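According to the numbering used here, the sequence shown is numbered sequentially starting from 189.
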Amino acid sequence: MLVSATEMLKKARDGHYAVGQFNINNLEWTKSILLAAQEANSPVILGVSEGAGKYMTGYKTVAAMVKAMVETLGITVPVALHLDHGSYEGAKACVEAGFSSIMFDGSHYPIEENIAKTTELVELAHANGLSIEAEVGSIGGEEDGVIGAGEVADPAECKKIADLGIDFLAAGIGNIHGKYPANWKGLDFEALDAIHKATNGIPLVLHGGTGIPEDMIKKAISLGVSKINVNTECQLSFAAATRAYIEAGKDLQGKGFDPRKLLAPGAEAIKATVLEKMQLFGSVGKA
Ligand code: 13P
């Protein structure tokens, strides 16, 4: 059974750790992340971007796959299935498809429109038992065609959105999706502190978890971050392990071309990355 992310994130906030959101792309990704969470006895959030949802042939397919896999793998830790950077239409479609959590990313709308659409979706999500994340101050970088300039969120605007009854808030603090450039200035902890103080203890979300140094992750958690999103890092470890398998010529040996063999090292690499992140975020043993 899937659960909303509300309770797990309140517990994380109160216990001073963060729950990882790991984005899924296909069956192998989903299986690796679920197995890692079970092994670590950690709550977990499976993130689905709109692009990944389309790739997997639609939100209904994704929800059915995840629900069946949780059951057949005997996963007992709390699992939330969450729409990542959802549009207004995408958020509605995921409520319909049986997700347990949605993000509405209205950060590119004028604040009044962001407020109006978020208000409507909070009502819809809560009426159906889902948790909802909203965003203020866009996250930089490019993810599945969504390009953000990477602003630092205004604490007053964060308060306005947090007060709409959302369950957790993504606020831009100099974080970006994908790899960080060499001249990146780091997270803006002053902004994070101000946002945290302005938003009445709402669990905060740190997007762009790939490549943020460990000390910054720990400091962000100490300043109210309870959910950290990781996507690119699993893609990089999957690609590196698959490359090593091919470069070693293993696909040419015996039945090494069988997709169940070819994709196995990448799947193991995703699992190792997720376990490493769960350790760093402090969610191990918190299921
Ligand atoms: P990364 O790809 O940088 O890890 O970011 C993931 C993310 O924030 C998903 O919303």
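Beta carbons are placed, not taken as given, at the ideal position from N, Cα and C, and that holds for glycine. What you are looking at is a predicted structure, and each value in this text was computed from that prediction instead of being measured.
Asked                                                                                                                             : Found
Near the ligand 13P: His296 beta-carbon under 7 Å from a heavy atom                                                               : no
Bounding residues of the beta strand (DSSP E) (the contiguous stretch that carries Glu321)                                        : Ser319 to Val324
Cβ shell of Cys346 (< 7 Å), same chain only, five flanking positions each side left out                                           : Val324, Leu357, Ala359, Ile383, Ala386 and Thr387
Nearest-angstrom beta carbon gap, Val462 and Gly208 [assumed within contact, 8 Å]                                                 : 7 Å
Proximal residues to Gly444 (C-beta, below 6 Å), its chain only, five neighbours per side dropped                                 : Lys438
Pick from Gly374, Gly389 and Glu378 that is closest to Gly396, judged by C-alpha positions                                        : Gly374
Cut-off 7 Å between Cβ atoms - residues of its own chain near Gly278, not counting five sequence neighbours on either side        : Glu238 and Leu271
Whole-number beta carbon distance between Lys407 and Ala206, since they are thought to touch under 8 Å                            : Going by Cβ atoms, the distance from Ala206 to Lys407 rounds to 12 Å, so no, they are not a contact pair.
Contacts around Ile263, its chain only, beta-carbon distance under 6 Å, and the 5 residues preceding and following it disregarded : Leu222 and Gln226
Gly208 Cβ short of 7 Å to the ligand 13P heavy atom set                                                                           : no
Span separating the alpha-carbon of Cys422 from that of Tyr368                                                                    : 15 Å
Closest by C-alpha distance to Phe426, when choosing among Asp293, Met404 and Ala460                                              : Ala460
Beta-bridge pairing of Asn211 - partner residues as DSSP gives them                                                               : Gly235
Residues sharing a beta bridge with His270, DSSP                                                                                  : Gly235 and Ser289
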